[in-house]
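In terms of the numbering used here, the sequence shown opens at residue 39 and continues consecutively.
Following: one structure in structure tokens, then a few remarks.
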Amino acid sequence: MNKLYESIEGTNIIKEIANKDIESFHKNCITGDDDHLYKRLKASIKKANSIDIIVAFLMESGVRLLGDDLKEALQRDIPIRILTGNYLNITQPSALYLLKEILGDKVDLRFYKDKSRSFHPKAYIFEYEDGGDIFVGSSNISKSALTYGIEWNYRISKLNNESDFKYYKDTFEDLFFNNSIIIDEDELKKYSKQWVRPKLYKEIEKDEEPKEDKVILYPSPKEAQIEALYELNKTRDEGLDKALVVAATGVGKTYLAAFDSMEFSRVLFVAHRAEILNQAERSFKNVRTSAKTGFFMNSLRDKDVDILFATVQTLGKKDYLTEEYFPQNYFDYIIIDEFHHAAAGNYQNIIEYFNPKFLLGLTATPDRLDNKDVYALCDYNLAYEVGLKTAINKGWLVPFRYYGIYDESINYENVEFKNGKYNEKELEEALSINKRAELIVNNYKKYKTSRALGFCTSKKHAKFMADYFNSQGIKACAVYSGEEEGNTDREEALSKLTKGEIKVIFSVDMFNEGLDIPSIDMVMFLRPTESPTVFLQQLGRGLRKYGDKKYLNVLDFIGNYKKANLVPFFLTGDSTHIKERNDRSYIPSEEDYPEDCLVDFQWQLIDIFKKMEEANKKIQDLIIEDYYRVKGIVGKTPSRLEMFTYMDDSIYENMKKKSKENIFNNYLRFLDKLNELTEEEKALLNTKAEEFINMLETTSMSKTYKLPVFLAFYNEGNFKAKIDDEDIYMSFKNFYSKASNGIDLLRHNSTSKYKNWGKKEYVKLAKDNPIKFLLKSTSQFFYKEGDTFCLNSELESFKDNKAFLKYFKDAVEFRGREFYRRRLGERDK
39 MNKLYESIEG
49 TNIIKEIANK
59 DIESFHKNCI
69 TGDDDHLYKR
79 LKASIKKANS
89 IDIIVAFLME
99 SGVRLLGDDL
109 KEALQRDIPI
119 RILTGNYLNI
129 TQPSALYLLK
139 EILGDKVDLR
149 FYKDKSRSFH
159 PKAYIFEYED
169 GGDIFVGSSN
179 ISKSALTYGI
189 EWNYRISKLN
199 NESDFKYYKD
209 TFEDLFFNNS
219 IIIDEDELKK
229 YSKQWVRPKL
239 YKEIEKDEEP
249 KEDKVILYPS
259 PKEAQIEALY
269 ELNKTRDEGL
279 DKALVVAATG
289 VGKTYLAAFD
299 SMEFSRVLFV
309 AHRAEILNQA
319 ERSFKNVRTS
329 AKTGFFMNSL
339 RDKDVDILFA
349 TVQTLGKKDY
359 LTEEYFPQNY
369 FDYIIIDEFH
379 HAAAGNYQNI
389 IEYFNPKFLL
399 GLTATPDRLD
409 NKDVYALCDY
419 NLAYEVGLKT
429 AINKGWLVPF
439 RYYGIYDESI
449 NYENVEFKNG
459 KYNEKELEEA
469 LSINKRAELI
479 VNNYKKYKTS
489 RALGFCTSKK
499 HAKFMADYFN
509 SQGIKACAVY
519 SGEEEGNTDR
529 EEALSKLTKG
539 EIKVIFSVDM
549 FNEGLDIPSI
559 DMVMFLRPTE
569 SPTVFLQQLG
579 RGLRKYGDKK
589 YLNVLDFIGN
599 YKKANLVPFF
609 LTGDSTHIKE
619 RNDRSYIPSE
629 EDYPEDCLVD
639 FQWQLIDIFK
649 KMEEANKKIQ
659 DLIIEDYYRV
669 KGIVGKTPSR
679 LEMFTYMDDS
689 IYENMKKKSK
699 ENIFNNYLRF
709 LDKLNELTEE
719 EKALLNTKAE
729 EFINMLETTS
739 MSKTYKLPVF
749 LAFYNEGNFK
759 AKIDDEDIYM
769 SFKNFYSKAS
779 NGIDLLRHNS
789 TSKYKNWGKK
799 EYVKLAKDNP
809 IKFLLKSTSQ
819 FFYKEGDTFC
829 LNSELESFKD
839 NKAFLKYFKD
849 AVEFRGREFY
859 RRRLGERDK
């Protein structure tokens, strides 16, 4: 034994033990040298009749290690119970999601719930046919603790020490049943939502995470991807065929799509730039190594491949969207990248033409502040969301240091502003001046940076900035589309930036989205950024973790441009701050921003923001102004649905809180006030038809049951004043054949089997619910005649009135869209 203590440093002890067979050295002792706990657990899991685990925390790396062994045990019907802690947020939500994904609902997974007592046990309890083992000691479920860390654990055999075995087992039973919370779907989401990466994680993660340069090629889901994959599988289990994933730039949406596509044989990936597709193809090949890939862009027209990468500009042409070229069910799985663009024409062509088994939309910024209701394109099925603030708080992205710099070199009131945009030519000239460039260079020099991106308003502006920086001894280049003089090839520019041959790239939109540049440590906003989508895209370009990068510097040059006062809200990464702000003097405080982030506005900007808020118009004026903006977008008098789709969110959120101001409570009268009605539409005023349309707009709806009743009367434009059981059945069947409409039915016990329903069940649902309610609350419009459900005879005279039918349909479609949006907003409350 003395030989074990020969070295003060302990190196000889390790060498002495390393030369032995540890199990023969002492069967019950595991000390973390060559004998690690994992191989003992693996052997015990193989022969166990029951498995109970109690650990202070779970790490993703440990779950990945034990997952297959535990799954094999479950397949043998071995019961598994796991009790873990959530104190100080050490347990990773992704570890819990991964456990649930691997083991499903068969594992009984719980949190210890007594907050008044510390929780640090680490024990693995196995019952065998001929005895049992407990391993108790220092190892939590993490890769380092189970495979290569110095961890001391001791084996207690049931055969040799039954009383101690029983004591531990009984104590586990008490804690598991009397001091625990079941980790069901709600508890898991709740924990994930509030989880913030603990400060002490830097030490814990040193041994748990691979180096950054290996992550890109590591073909296994991690962090947000694990959580999103779990939710996507769940959404498909519910029968839904479309989903939207909203994830901050940098958390790995493309890899997520590659992992999620594994079960589908023919995949289409759509984006709007060739560079994005080339990068996506590399990611997919890392995950699906044997898949045959091809491209549909420029001159390439690949078709007979497993995974096709297509630009929306090429594939969206009607020439290719034909049964002869691509049958509608040609692809099993379609991914639309940068989904916030999807309301545009060619995207719509693709989405409306193809009929895949599943469609996935990916975006970092879906919010309607840019006047596109992209949620509607996925039937308001937001499967998973992780915003900028959450991603930084969870440690998935680096924090930022934001500096809002007052730019008095431009008076934006002198630049023409029309239809929600500045005149591009005038703006370009105003921004391309030496006084402003000098301000930018001086601030650039203040902050230590290796690689920077500057976002410009135009090609001329980007070239001007690159030339100015070069004249000041700062190597820079301009990158934009086209082959004009002064433009540097994108790949060449990135290579030079990475190698340190240049310091700054000035870009026009080419680096806004979809391209990974992890090494960037500064971004400069050199143009007015009124759009939250563009703002967050630009910010996200530099937030990806990389090597020793600790934070991103952000230089934002702000003047008196439109909506400049929204910038503090953009930085919170939470659009609800913008949508629902009522206190006009309110500016977000430190706690509203992500963890470890610095936000610093020069005092002149604070004054500008306050003046802008004070100058904001009354809600009525804002609504009317927004109406004409929407009219400009759609090119005609907007319908209810169009107005709802394109309306500014902050105006909508404030309007709906004031019933008298809510234009959707009587849209016909709102249009009349603006003199926007045709003569035929004016003829509906003060009639039973107007009253009926207003009822459609305002009737209460906790579920969608009323909509198929109304649609049965509308009858695809062939108005029916009376509907029978067959009409009701067919309308309900058609309506609920769309998976997103069936969510409420699916989630309620009494209607969860609706997919197997026939006429009897649908008619009963209609008569017991919407028809019963409509007869009671709106008897001025509805009555029964035997088994027939009828409309007021006055309405029958409008059956051929085009204006009435148009507003009938519009009101019903609006109510459906409004219902989905409201449900989406309430899902996390």
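Virtual Cβ for every residue (Gly too), placed ideally from N, Cα, C.
Can you list, in chain order, the residues of its chain with a C-beta nearer than 6 angstroms to that of His881? Leave out the 5 residues immediately preceding and following it.
Examination of residue 881 is not possible in this model, given that the chain is present from 39 through 867 alone.
Any heavy atom of the ligand MN closer than 6 angstroms to the beta-carbon of Asp279?
Ligands displayed in this structure: none; no statement on the ligand MN is therefore possible.
Is it buried or exposed, Leu400, if we count other Cβ atoms within 10 angstroms and call 16 or more buried?
To locate residue 400, count along the sequence shown from 1; it is residue 362. Its Cβ being crowded by 16 or more others within 10 Å, Leu400 is buried.
Is Leu722 closer than 7 angstroms to Asp848 when the C-beta atoms are compared?
Here residue 848 refers to the residue found at position 810 of the sequence shown. Here residue 722 refers to the residue found at position 684 of the sequence shown. No, these two residues do not count as a Cβ contact at 7 angstroms.
8 angstroms CB neighbourhood of Lys583 in its chain, flanking five on each side removed:
Within the sequence shown, numbered from 1, the residue matching residue 583 stands at position 545. The answer, listed in chain order, is Glu250, Gly288, Trp434, Leu435, Val436, Pro556.
By Cβ distance below 8 angstroms, which residues in the same chain neighbour Leu783 in space, the five residues on each side in sequence not counted?
As a first step, residue 783 must be located in the sequence shown, where it is residue number 745. Once the five neighbours on either side are set aside, the close Cβ partners of Leu783 are Tyr774, Thr789, Ser790, Tyr792.
For the alpha helix (DSSP H) that contains Ser688, what are its first and last residues?
Along the sequence shown, one-based indexing puts residue 688 at 650. Boundaries of the alpha helix (DSSP H) around Ser688: 687-693.
To the nearest angstrom, how far is it from the Cα of Asn449 to the Cα of Lys600?
Numbered from its first residue, the sequence shown carries residue 449 at position 411. Numbered from its first residue, the sequence shown carries residue 600 at position 562. Cα to Cα, Asn449 sits roughly 11 angstroms from Lys600.
Taking the Cβ atom as the reference point for each residue, do Asn703 and Thr736 lie within a distance shorter than 7 angstroms?
Along the sequence shown, read from residue 1 onward, the residue named residue 703 stands at position 665. Along the sequence shown, read from residue 1 onward, the residue named residue 736 stands at position 698. Their beta carbons are under 7 angstroms apart, which means Asn703 touches Thr736 by this criterion.
Candidates Glu261, Leu574, Leu282, Lys260, of which the one nearest Leu270 by Cα
Taking the first residue of the sequence shown as 1, we reach residue 270 at position 232. Residue nearest to Leu270 within the set Glu261, Leu574, Leu282, Lys260 is Leu282 (criterion: CA-CA distance).
From what residue to what residue does the alpha helix (DSSP H) around Tyr821 run?
By one-based count along the sequence shown, residue 821 stands at place 783. Not the alpha helix (DSSP H): Tyr821 falls in the beta strand (DSSP E), residues 820-823.
Go ahead and label Thr209 buried or exposed: buried means 16 or more other beta carbons lie within 10 angstroms of its beta carbon, across all protein chains shown.
Position 171 of the sequence shown, counting from 1, holds the residue named residue 209. With fewer than 16 Cβ atoms within 10 Å of its Cβ, Thr209 is classed as exposed.
What residue from Thr292, Gln575, Glu652 has the CA that sits closest to Asn603's CA?
On the sequence shown, position 565 is the one that residue 603 refers to. Closest by alpha carbon: Glu652.
Using 10 angstroms around the beta-carbon of Thr360, count the other beta-carbons present and answer buried if the total reaches 16, otherwise exposed.
The residue given as residue 360 occupies position 322 in the sequence shown. Here Thr360 is exposed: its Cβ has fewer than 16 other Cβ atoms, across all protein chains shown, within 10 Å.
Would you call the stretch 271-278 in contact with the stretch 342-354, where contact means no fewer than 3 C-beta pairs closer than 8 angstroms?
Verdict: no, contact absent.
Would you say Met562 and Leu593 are within 7 angstroms of each other, going by their C-beta atoms?
Here residue 562 is taken as the residue at index 524 of the sequence shown, counted from 1. Here residue 593 is taken as the residue at index 555 of the sequence shown, counted from 1. In this structure, Met562 lies near Leu593, with their beta-carbon atoms less than 7 angstroms apart.
So, is Pro676 buried or exposed, given that buried needs 16 or more other C-beta atoms within 10 angstroms?
In the sequence shown, the residue the question calls residue 676 occupies position 638. By the neighbour-count rule (16 or more Cβ atoms within 10 Å), Pro676 is buried.
Suppose you measure from the CA of Phe297 to the CA of Gly290; what does that come to, to the nearest Å?
Translated into positions along the sequence shown, residue 297 becomes position 259. Translated into positions along the sequence shown, residue 290 becomes position 252. In a straight line, the C-alpha of Phe297 is about 11 angstroms away from that of Gly290.
Backbone CA spacing between Val308 and Phe333 [nearest angstrom]:
Locating residue 308 in the sequence shown gives position 270, where the first residue counts as 1. Locating residue 333 in the sequence shown gives position 295, where the first residue counts as 1. Between the C-alpha atoms of Val308 and Phe333 there is a straight-line separation of about 10 angstroms.
What separation, rounded to the nearest whole angstrom, lies between the Cα atoms of Lys771 and Asn217?
In the sequence shown, the residue the question calls residue 771 occupies position 733. In the sequence shown, the residue the question calls residue 217 occupies position 179. Cα to Cα, the separation comes out at about 47 angstroms.
Per DSSP, what are the beta-bridge partners of Asp90 in this structure?
Here residue 90 is taken as the residue at index 52 of the sequence shown, counted from 1. As a beta-bridge residue in DSSP terms, Asp90 pairs with Arg119, Ile163.
Is it the case that the stretch 217-229 contacts the stretch 141-154, given that we only count it when at least three CB pairs across the two stretches are under 8 angstroms?
Pairwise C-beta distances place the stretch 141-154 in contact with the stretch 217-229, as three or more of them are shorter than 8 angstroms.
Contact set for Tyr911: own chain, Cβ-Cβ below 7 angstroms, skip 5 residues either direction:
In the structure as shown, the chain starts at 39 and stops at 867, and residue 911 therefore has no counterpart that could be examined.
Alpha-carbon spacing of Leu112 relative to Leu141, whole angstroms
Taking the first residue of the sequence shown as 1, we reach residue 112 at position 74. Taking the first residue of the sequence shown as 1, we reach residue 141 at position 103. Leu112 and Leu141 have their alpha carbons spaced roughly 7 angstroms apart.
Under the DSSP definition of a beta bridge, which residues are partnered with Leu184?
Within the sequence shown, residue 184 is the residue found at index 146, counting from 1. For Leu184, which the question treats as bridged, DSSP gives no partner whatsoever.
Hey, how far is the Cα of Phe164 from the Cα of Tyr368?
Reading the sequence shown from its first residue, position 126 is the one you call residue 164. Reading the sequence shown from its first residue, position 330 is the one you call residue 368. Spanning the alpha carbons of Phe164 and Tyr368 requires a straight line of approximately 50 angstroms.
Gly824 to Phe757, Cα distance in whole Å?
As a working mapping, residue 824 is identified with position 786 in the sequence shown. As a working mapping, residue 757 is identified with position 719 in the sequence shown. The straight-line gap from Cα to Cα measures roughly 20 angstroms.
Going by the DSSP bridge assignment, what does Leu469 pair with across the sheet?
Translated into the one-based positions of the sequence shown, residue 469 becomes position 431. DSSP, once it has assigned bridges, lists no residue as partnering Leu469.
Just grab the DSSP bridge partners of Met335 for me.
Within the sequence shown, residue 335 is the residue found at index 297, counting from 1. Answer is Leu338.
Nearest-angstrom Cα separation, counted from Glu451 out to Ile478:
One-based indexing of the sequence shown puts residue 478 at position 440. One-based indexing of the sequence shown puts residue 451 at position 413. Those two C-alpha atoms are separated by around 21 angstroms.
For Lys280 and Phe364, I'd like the C-alpha separation in whole angstroms.
Within the sequence shown, numbered from 1, the residue matching residue 280 stands at position 242. Within the sequence shown, numbered from 1, the residue matching residue 364 stands at position 326. Per the coordinates, the alpha-carbon of Lys280 lies some 20 angstroms from the alpha-carbon of Phe364.
Over the uninterrupted alpha helix (DSSP H) stretch that includes Leu813, give me the two end residues.
The residue you call residue 813 lines up with position 775 of the sequence shown. Looking at the DSSP string, the run of the alpha helix (DSSP H) that includes Leu813 is 808-815.
Using a Cβ distance threshold of 8 angstroms, determine whether the stretch 817-837 contacts the stretch 302-318, with at least three qualifying pairs required.
The stretch 817-837, when compared against the stretch 302-318, does not touch it at the 8 angstroms Cβ threshold.
The alpha helix (DSSP H) spanning Ser831 covers which residue range?
Position 793 of the sequence shown, counting from 1, holds the residue named residue 831. It spans 831-834 - the alpha helix (DSSP H) in which Ser831 sits, taken as one unbroken run.
Any beta-carbon of chain B closer than 7 angstroms to the one on Ala490?
Note that chain B does not occur in the displayed structure, where there is just one protein chain.
Quick check on DSSP: helix, strand or coil for Asn369?
Here the question's residue 369 lines up with position 331 in the sequence shown. The sequence given here places Phe at residue 369; Asn does not occur at that position. In this structure, DSSP gives Phe369 a state outside helix and strand, which the three-state scheme calls coil.
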